Amino acid sequence: MDTLLEDLKSYTTNPISILDTAIPIQEYVSLNLSKDNEELLGLDITDYAVCQNYIDSVLKDKQGLIAYGGYLEERNLYNDKEGFTSSTKPIRNIHLGIDYWCNALTKVIVPVKGMVHSFKNNNVIGDYGPTIILKHVLCNHTFYTLYGHLSVDSLDGLFINKEFKAGDTIGRLGTPDINVNYAPHLHFQIIRNLEGNIGDYPGVCAKEQLSFYQENCPDPNILLKLK
407 MDTLLEDLKS YTTNPISILD TAIPIQEYVS LNLSKDNEEL LGLDITDYAV
457 CQNYIDSVLK DKQGLIAYGG YLEERNLYND KEGFTSSTKP IRNIHLGIDY
507 WCNALTKVIV PVKGMVHSFK NNNVIGDYGP TIILKHVLCN HTFYTLYGHL
557 SVDSLDGLFI NKEFKAGDTI GRLGTPDINV NYAPHLHFQI IRNLEGNIGD
607 YPGVCAKEQL SFYQENCPDP NILLKLK
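Residue numbers (the working numbering): 407 to 633.
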């Protein structure tokens, strides 16, 4: 039995808001950005404006305010980004967290008590932009949560071991120029072992690496419980 997963599952029976708590849970709607989504055929999803237009159409159709999804999705979103499609390394296109797509500057909420492990502005095209990693201890299990694609001012006033309570605001969503060429969204990822990384951790992997990363980065919805 995987006791960390059991503890994440039993943390609460209710869905947890990861963005502005003024937005009801009912306004979260599912989004499919996988390469198997036929609606994306013919769309240059790597263009953040094209991606945003598609997300807006999904939100309108489903009458929602936040579009979410992406855990273990195999995506074409990274096809134009160096470092994901290197000719000398396996192609990385399997997403390891859940993305929450919403308006820039929307508040990002801490789902479970933790403290700052590290933070960094990963400002290379295709990366996270401003990023915060929290360390958590839950029922004697240590794990980490990563918050990527934030606004620059989300890093203001941070310091190692700064504490956040569940429900606190940790930052805001960045604009495309700040979150390095993506439509505004939060990348949220649970990580067992950071493997020595500081302010960064892979959010996308290759098929050849999937077994390891699926174990090391469990489905965030086990904790957040969004249907």
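Glycine included, each C-beta is placed from N, C-alpha and C at the ideal position. Here the structure is a predicted model, which is why all the values come from computation and not from measurement.
Looking at Asp574, Ala473, Leu579 and Leu447, the one whose alpha-carbon comes closest to that of Leu437 is Ala473.
With contacts defined by Cβ atoms closer than 9 Å, Arg498 and Gln620 do not form a contacting pair.
Shortest Cα-Cα distance from Glu480 to any of Ile628, Lys613 and Lys631 involves Lys613. Per DSSP, the beta-bridge partners of Ala473 are Val435 and Trp507. By the Cβ neighbour-count rule, Ser463 is exposed, with fewer than 16 other Cβ atoms within 10 Å of its own. For Val456 and Asp413, the gap between their C-alpha atoms comes out near 39 Å.
Residue pairing by DSSP places Glu601 in no beta bridge whatsoever. Looking at the backbone, the Cα of Lys441 and that of Asn482 are separated by about 6 Å.
Bridge partners of Asn482 according to DSSP: none are assigned. In chain order, Tyr484, Phe490, Arg498, Asn499, Ile500, His501 and Leu502 place their CB closer than 7 Å to the CB of Val610, counting only its own chain and leaving out the 5 sequence neighbours on each side.
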